[in-house]
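J.: The structure under discussion is supplied below as structure tokens; questions concerning it will follow.
There are 2 protein chains.
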Amino acid sequence: MTPAAPAYRRLSVEERRSQLLDVALSLFAIRVPEDVSLDDVAEAAGVSRPLVYRYFPGGKQQLYEAALRSAAEELRQCFDEPREGPLLPRLGRALDRYLVFVRRHDAGFAALLQGGSVVETSHTTAIVDGTRRAAAEHIYAHLGVDEPGPRLRMTVRMWITAVEAASLIWLDEDRQPPADELRDWLVEQFVALLTVTAGRDPQCAELIRGALAAEL
Amino acid sequence: MTPAAPAYRRLSVEERRSQLLDVALSLFAIRVPEDVSLDDVAEAAGVSRPLVYRYFPGGKQQLYEAALRSAAEELRQCFDEPREGPLLPRLGRALDRYLVFVRRHDAGFAALLQGGSVVETSHTTAIVDGTRRAAAEHIYAHLGVDEPGPRLRMTVRMWITAVEAASLIWLDEDRQPPADELRDWLVEQFVALLTVTAGRDPQCAELIRGALAAEL
Chain V
1 MTPAAPAYRR
11 LSVEERRSQL
21 LDVALSLFAI
31 RVPEDVSLDD
41 VAEAAGVSRP
51 LVYRYFPGGK
61 QQLYEAALRS
71 AAEELRQCFD
81 EPREGPLLPR
91 LGRALDRYLV
101 FVRRHDAGFA
111 ALLQGGSVVE
121 TSHTTAIVDG
131 TRRAAAEHIY
141 AHLGVDEPGP
151 RLRMTVRMWI
161 TAVEAASLIW
171 LDEDRQPPAD
181 ELRDWLVEQF
191 VALLTVTAGR
201 DPQCAELIRG
211 ALAAEL
Chain Y
1 MTPAAPAYRR
11 LSVEERRSQL
21 LDVALSLFAI
31 RVPEDVSLDD
41 VAEAAGVSRP
51 LVYRYFPGGK
61 QQLYEAALRS
71 AAEELRQCFD
81 EPREGPLLPR
91 LGRALDRYLV
101 FVRRHDAGFA
111 ALLQGGSVVE
121 TSHTTAIVDG
131 TRRAAAEHIY
141 AHLGVDEPGP
151 RLRMTVRMWI
161 TAVEAASLIW
171 LDEDRQPPAD
181 ELRDWLVEQF
191 VALLTVTAGR
201 DPQCAELIRG
211 ALAAEL
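Chains V and Y supply the protein sequences, listed in that same order.
Take 1 as the starting number for the first sequence in the UniProt record's numbering and just add one per residue.
Take 1 as the starting number for the second sequence in the UniProt record's numbering and just add one per residue.
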């Protein structure tokens, strides 16, 4: 089949794929995944339906997973923060970027994390879990911890989950409180959870006395 | 169709339904939902396959949702705690019962919360969300708060999500730390999160100065 109308300009295969994923992500940001068809993507991208099918022969599910992978990659870049300067502002800057990401992907972010979506599969769950693990690894690296013990790991993973919950509520409540206030609040919660764990765990106690001492 | 073999003793319709759900929940506790068939339930319950189908004509998905509803009801009962005596021990006792529940439902609890399961639907998600809301309502009631503001609500919901994350890690790590230690740790985290929020929110500040003052 030949596309009904040629695209405005010739894109390389990689550029086209990336354009289609961007368009798909912008649709997922405003509609639940179930309501985004390949036709919608074709229309929004100004390309023919067969072209979209050529890139995503597996249909909607393939498109969704590819878009999710692309978003996950973007999210991992949010975590990239130079290991320089005080620790808590580093965490704050990563959270700033994270909240911009959440705001941009809006409905798509919420649908993914809220579960119960027909496009949710063991693949999508694995992508989300991989991103959570990456976030935790970044935190250990910034804290200067090579081998996080079970208490530190549990604390960090609980905080990451709590941050996700906060993001969903934040979207639901028209992004209140303002992003910078939410960011500071989340950083304070991180410190509070680590401080509580320090009472039960030598590794966390050492972090509070050492790496974080100057900032508390 | 007539059952191949009569059950050992005659149960009322309600008793039989409840027996089948108990058996199903005990299977879901050790296997992922995808691997539990109505045949397995019939075999484990010592009843005929047609009998199980008579109770759950919608098949596996109907059985799963009914079992989940039954477990959700059981979990709500864990939250029931007399409104007497110091607040933090009340929270501790509810958490004790919750951790017994988590341990008993083990794999089924994990599969449900981890997402990506083929039996997860908007129905199952609604049941889980309803249970989370019930947990939050119990907490507001014990705190003596009629109208929780947005900060308190976000704090309580973040803590509930963090508790779920901790339960999953706990199951994954052969239930370490021991339940009573985990319970105390989670109570301390609750206080720490509320204390952090108190710095930003008059309602939480009042709770720390008032209802919780004697216990901190």
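The C-beta atom is built at its ideal place from N, Cα and C for all residues, glycine as well.
(1) Quick one: grab the DSSP three-state call for T121 (chain V).
(2) With a 10 Å radius around its C-beta and 16 neighbouring C-beta atoms as the bar for buried, classify Q189 (chain V) as buried or exposed.
(3) Give the interface partners of A166 (chain Y) over in chain V, defined as CB-CB distance under 7 Å, in chain order.
(4) Using 8 Å for Cβ pairs, my map puts V102 (chain Y) next to F109 (chain Y). What's the rounded Cβ distance?
(5) With a CB to CB cut of under 7 Å and the five nearest residues on each side skipped, what residues in its chain are close to T2 (chain Y)?
(6) What separation, rounded to the nearest whole angstrom, lies between the Cα atoms of G85 (chain Y) and D35 (chain V)?
(7) Can you name the residues of chain V whose CB is closer than 7 Å to the CB of P150 (chain Y)?
(8) How about the stretch 139 to 155 of chain Y and the stretch 133 to 149 of chain V: do they share at least three Cβ pairs that are nearer than 8 Å?
(9) Which parts of the stretch 1 to 87 of chain Y are runs of the alpha helix (DSSP H), unbroken and 4 residues or longer, counting only runs that do not cross its ends?
(10) With distances taken from CA atoms, which of Y:G92, Y:E173 and Y:L75 is nearest D129 (chain Y)?
(11) Please check the pair L113 (chain Y) and L194 (chain Y), which I expect to be a contact at CB under 8 Å, by giving their CB distance rounded to whole angstroms.
(12) For A211 (chain V), which three-state DSSP category applies?
(13) Measuring CB to CB, does L99 (chain V) end up less than 9 Å from R183 (chain V)?
(14) When we look at the beta-carbon of A24 (chain Y) and count the other beta-carbons within 10 Å, is it buried (16 or more) or exposed?
(15) Given D96 (chain Y), which residues of its chain have a CB within under 8 Å of its CB, disregarding the five upstream and five downstream residues?
(16) Starting from E181 (chain V), trace the alpha helix (DSSP H) both ways and give me its first and last residue.
(17) Any beta-carbon of chain V closer than 9 Å to the one on L193 (chain Y)?
(18) State yes or no: is the beta carbon of E206 (chain Y) nearer than 9 Å to at least one beta carbon in chain V?
(19) Can you tell me the Cα-Cα spacing of C78 (chain Y) and A94 (chain Y), whole angstroms?
(20) Less than 7 Å between C-beta atoms, sequence neighbours within five positions excluded: which residues of the same chain meet that for A135 (chain V)?
(21) Which first and last residues belong to the alpha helix (DSSP H) in which V145 (chain V) is found?
(22) Taking the CB atoms as reference points, tell me whether L11 (chain Y) and L63 (chain Y) lie closer together than 9 Å.
(23) Along chain V, in chain order, which residues have C-beta atoms closer than 9 Å to that of I169 (chain Y)?
(24) At the level of alpha carbons, what is the spacing between I208 (chain V) and D201 (chain V)?
(25) Within a Cβ cutoff of 7 Å, which residues of the same chain sit near K60 (chain Y), ignoring the five residues on either side of it in sequence?
(26) Would you list, in chain order, the members of the stretch 54 to 67 of chain Y that have their beta-carbon closer than 7 Å to a beta-carbon of chain B?
(27) Is T155 (chain Y) near the ligand SAH, judged by its Cβ being under 8 Å from some heavy atom?
(28) With a CB to CB cut of under 6 Å and the five nearest residues on each side skipped, what residues in its chain are close to A29 (chain Y)?
(29) Quick one: what does DSSP say D201 (chain Y) is sitting in, helix, strand or coil?
(30) In this structure, how does DSSP classify L216 (chain V) when only helix, strand and coil are distinguished?
(31) Tell me the DSSP secondary structure of D174 (chain Y) in three-state form.
(32) So, does the CB of V196 (chain Y) fall closer than 9 Å to a CB anywhere in chain V?
(33) Closest by CA to A45 (chain V), which one among V:A165, V:A71 and V:S18?
(34) Kindly give me the distance between the Cβ atoms of V196 (chain V) and A192 (chain Y), rounded to whole angstroms, as I take these residues to be in contact under 8 Å.
(35) Does DSSP classify A134 (chain Y) as helix, strand or coil?
T.: Judging by the given coordinates:
(1) If you number the first sequence from 1, residue 121 (chain V) lands on position 121. Looking at T121 (chain V) - three-state DSSP - the assignment turns out to be coil, as it is neither helix nor strand.
(2) Taking the first residue of the first sequence as 1, we reach residue 189 (chain V) at position 189. With a 10 Å radius around the Cβ and a threshold of 16 neighbouring Cβ atoms, Q189 (chain V) comes out buried.
(3) For the purposes of this step, residue 166 (chain Y) is taken as the residue at position 166 of the second sequence. Neighbours of A166 (chain Y) on chain V, chain order: M154 and M158.
(4) In the second sequence, counting from the first residue as 1, residue 102 (chain Y) sits at position 102. In the second sequence, counting from the first residue as 1, residue 109 (chain Y) sits at position 109. Going by Cβ atoms, the distance from V102 (chain Y) to F109 (chain Y) rounds to 5 Å, so yes, they are a contact pair.
(5) The sequence position of residue 2 (chain Y) within the second sequence is 2, counting from 1. For T2 (chain Y), the pLDDT reaches just 49, beneath the cut-off of 50, and the residue's location in the model is therefore unreliable, although a value from the coordinates is still provided. So the list is empty, once near-sequence residues are dropped.
(6) Taking the first residue of the second sequence as 1, we reach residue 85 (chain Y) at position 85. Taking the first residue of the first sequence as 1, we reach residue 35 (chain V) at position 35. Straight-line Cα distance between these residues: approximately 51 Å.
(7) Against the second sequence, residue 150 (chain Y) aligns to sequence position 150. Among the residues of chain V, those whose CB is under 7 Å from the CB of P150 (chain Y) are E173 and Q176, following chain order.
(8) As far as the Cβ criterion goes, the stretch 139 to 155 of chain Y does not touch the stretch 133 to 149 of chain V, which means the pair count is below three.
(9) If you keep only unbroken alpha helix (DSSP H) runs of at least 4 residues inside the stretch 1 to 87 of chain Y, you get 13 to 28, 38 to 45, 49 to 55 and 60 to 79.
(10) Numbered from 1 along the second sequence, position 129 holds the residue referred to as residue 129 (chain Y). Nearest option by C-alpha distance: Y:L75.
(11) Within the second sequence, numbered from 1, the residue matching residue 113 (chain Y) stands at position 113. Within the second sequence, numbered from 1, the residue matching residue 194 (chain Y) stands at position 194. With a Cβ gap of about 24 Å, L113 (chain Y) and L194 (chain Y) do not count as contacting.
(12) On the first sequence, position 211 is the one that residue 211 (chain V) refers to. Three-state DSSP puts A211 (chain V) in coil, outside helix and strand.
(13) Locating residue 99 (chain V) in the first sequence gives position 99, counting from the first residue. Locating residue 183 (chain V) in the first sequence gives position 183, counting from the first residue. Yes; because the gap between Cβ atoms is below 9 Å, this pair is in contact.
(14) Counting from 1 along the second sequence, the entry for residue 24 (chain Y) is found at position 24. Buried, by the Cβ-count rule.
(15) Here the question's residue 96 (chain Y) lines up with position 96 in the second sequence. Excluding positions up to five away in sequence, the list reads A179, D180 and R183.
(16) Looking up residue 181 (chain V) in the first sequence gives position 181. Membership of E181 (chain V) in the alpha helix (DSSP H) is indicated by the continuous run A179 to A198.
(17) Start at 1 with the first residue of the second sequence, and residue 193 (chain Y) comes out as number 193. So, interface residue.
(18) Sequence index remark: in the second sequence, residue 206 (chain Y) carries index 206 (1-based). With its beta carbon at least 9 Å from every one in chain V, E206 (chain Y) lies outside the interface.
(19) Locating residue 78 (chain Y) in the second sequence gives position 78, where the first residue counts as 1. Locating residue 94 (chain Y) in the second sequence gives position 94, where the first residue counts as 1. Looking at the two C-alpha atoms, the distance is approximately 6 Å.
(20) On the first sequence, residue 135 (chain V) is found 135 positions in, with the first residue counted as 1. If we look at A135 (chain V) and ignore the five residues flanking it on each side, its Cβ neighbours are F79 and I160.
(21) Numbered from its first residue, the first sequence carries residue 145 (chain V) at position 145. Where V145 (chain V) is concerned, there is no enclosing alpha helix (DSSP H), given that its DSSP letter is neither H nor E.
(22) Here residue 11 (chain Y) refers to the residue found at position 11 when the second sequence is read from its first residue. Here residue 63 (chain Y) refers to the residue found at position 63 when the second sequence is read from its first residue. No. Outside cutoff.
(23) In the second sequence, counting from the first residue as 1, residue 169 (chain Y) sits at position 169. Here the neighbours are P150, R153, M154, R157 and M158.
(24) As a first step, residue 208 (chain V) is located in the first sequence; it is residue number 208 there, counting from the start. As a first step, residue 201 (chain V) is located in the first sequence; it is residue number 201 there, counting from the start. About 11 Å.
(25) For the purposes of this step, residue 60 (chain Y) is taken as the residue at position 60 of the second sequence. Spatial neighbours of K60 (chain Y) in its own chain (CB-CB distance under 7 Å, excluding positions within 5 residues in sequence) are listed in chain order as S37 and L38.
(26) Judged by its chain identifiers, the structure shown contains no chain B, and its protein chains are V and Y.
(27) As presented, the structure is devoid of all ligands, the ligand SAH included, so that no description of it is given.
(28) By one-based count along the second sequence, residue 29 (chain Y) stands at place 29. Contacts found: H105, D106, A107 and G108.
(29) For the purposes of this step, residue 201 (chain Y) is taken as the residue at position 201 of the second sequence. DSSP places D201 (chain Y) in coil when its eight states are reduced to three.
(30) Residue mapping note: residue 216 (chain V) aligns to position 216 of the first sequence, counting from 1. L216 (chain V): coil per DSSP, three-state reduction.
(31) Locating residue 174 (chain Y) in the second sequence gives position 174, where the first residue counts as 1. Coil.
(32) What you label residue 196 (chain Y) is simply residue 196 of the second sequence in a count that begins at 1. Closer than 9 Å: yes.
(33) Stepping through the first sequence from its first residue, residue 45 (chain V) is reached at position 45. The option with the nearest alpha carbon to A45 (chain V) is V:S18.
(34) Walking along the first sequence from the start, residue 196 (chain V) turns up at place 196. Walking along the second sequence from the start, residue 192 (chain Y) turns up at place 192. Indeed, because the Cβ distance is near 5 Å, the residues count as touching under 8 Å.
(35) Translated into the one-based positions of the second sequence, residue 134 (chain Y) becomes position 134. In the three-state reduction of the DSSP assignment, A134 (chain Y) falls in the helix class, which pools H, G and I.
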